[in-house]
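First up is the structure itself, then whatever we jot down about it.
Numbering (our numbering), first residue to last: 5 to 242.
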């Protein structure tokens with residue numbers, strides 16, 4: 005959680021109208037050392053609030069720059085969760101920016117939907133999902149695996165993920181590891197740490213975490229036919 009730094013706010017006030025501007029973001033980062041200001045702009049019309057993305061988190065400032073707070077902002081007139089919409093947008097951008105060379109991908113003969121799944125080698129429901137990979141693929145669901153060792157970076161699960169990503173045949177190594185077999189690989193440079201950190205930024209706190217191309221997250225295992233139904237419904241709504 006970002007702690008409020010109230011003594012910084014008067015320094016920001018002189019900057020004038022806040023916009024999503026690279027020069028302004030650079031100034032904000034200068035007066036708020038240690039944080040990365042990714043975006044900042046007025047929140048709608050006449051709200052007297054500014055919405056900012058800082059270090060991957062969405063925060064809000066009052067117009068007079070006296071207060072900064074976190075939490076979901078809901079438009080009571082439209083019942084729209086403005087903050088969740090922003091989260092989904094940020095997730096979509098992050099997932100679209102991934103280099104697929106770093107992912108372990110299971111391709112169907114014909115792709116209807118692509119799903120990005122944060123997975124842990126030892127997670128029971130992750131293993132159940134993997135055991136049904138052929139069924140997902142048969143339904144046209146393309147699955148892209150990203151590593152998310154739930155126990156963290158200094159853990160056995162993390163080491164197992166690195167062994168899988170360092171294997172010559174990553175897909176076979178993933179299957180072996182999820183079947184409880186030991187996978188031994190030469191040490192290499194892997195994306196495991198970066199993927200774990202991205203997962204945390206995107207709000208992953210358990211596995212499997214399923215992300216639609218839209219940025220929507222489905223927390224937890226979903227059976228193949230039910231998942232296909234959900235994906236079809238979401239696609240028809242977009």
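Even glycine gets a Cβ: it sits at the ideal position worked out from N, Cα and C. Quick caveat, the model's predicted, so the values are computed rather than measured.
Which same chain residues end up closer than 8 Å to residue 161 when comparing Cβ atoms and leaving out the 5 residues on each side of it in sequence?
Cβ neighbours of residue 161 beyond the five flanking positions: 124, 125, 126, 153, 154, 155.
Restricting to Cα atoms, I'd like to know which of 68, 70, 56, 136 is closest to residue 244.
For residue 244 there is no data in the structure shown, the boundaries of the chain being 5 and 242.
Considering only the alpha carbon of each residue, which of 179, 192, 145 lies closest to residue 239?
The shortest C-alpha separation from residue 239 is found at 145.
Pull up the distance between the alpha-carbon of residue 138 and that of residue 94, whole angstroms please.
Distance between the alpha carbons of residue 138 and residue 94 is about 30 Å.
Sorted by chain position, which residues of the same chain lie with C-beta nearer than 7 Å to residue 200's C-beta, five sequence neighbours on each side aside?
Cβ neighbours of residue 200 beyond the five flanking positions: 151, 152, 153, 157.
Alpha carbon to alpha carbon, how far is residue 102 from residue 227?
For residue 102 and residue 227, the distance between alpha carbons rounds to 26 Å.
Measure the alpha-carbon distance for residue 169 versus residue 61 and round it to whole angstroms.
Answer to the nearest angstrom: the Cα atoms are 29 Å apart.
Classify residue 229: buried if its beta carbon has 16 or more other beta carbons within 10 angstroms, exposed otherwise.
Counting Cβ neighbours within 10 Å, residue 229 comes out exposed, since fewer than 16 surround it.
Can you tell me whether DSSP reads residue 117 as helix, strand or coil?
Reduced to three states, the DSSP call for residue 117 is strand.
Is the region 205-220 in contact with the region 109-122, if contact means three or more CB pairs nearer than 8 Å?
Flag = yes, the region 205-220 and the region 109-122 touch.
What does the Cβ neighbour count give for residue 91, buried or exposed, with the cut at 16 atoms within 10 Å?
Buried is the call here.
Taking the alpha-carbon of residue 165 as reference, which of 172, 173, 178 has the nearest alpha-carbon?
That would be 178, whose Cα lies nearest to the Cα of residue 165.
Do the CB positions of residue 206 and residue 117 come within less than 8 Å of each other?
No. Outside cutoff.
So what's residue 204 in DSSP terms, helix, strand or just coil?
It is helical.
Are the beta-carbon atoms of residue 53 and residue 67 separated by less than 8 Å?
Their beta carbons are under 8 Å apart, which means residue 53 touches residue 67 by this criterion.
How many Å lie between residue 190 and residue 172 at the Cα?
Computed Cα separation, rounded: 10 Å.
If you follow the beta strand (DSSP E) that residue 47 is in, where does it begin and where does it stop?
Looking at the DSSP string, residue 47 is not in any beta strand (DSSP E), and its letter there is neither H nor E.
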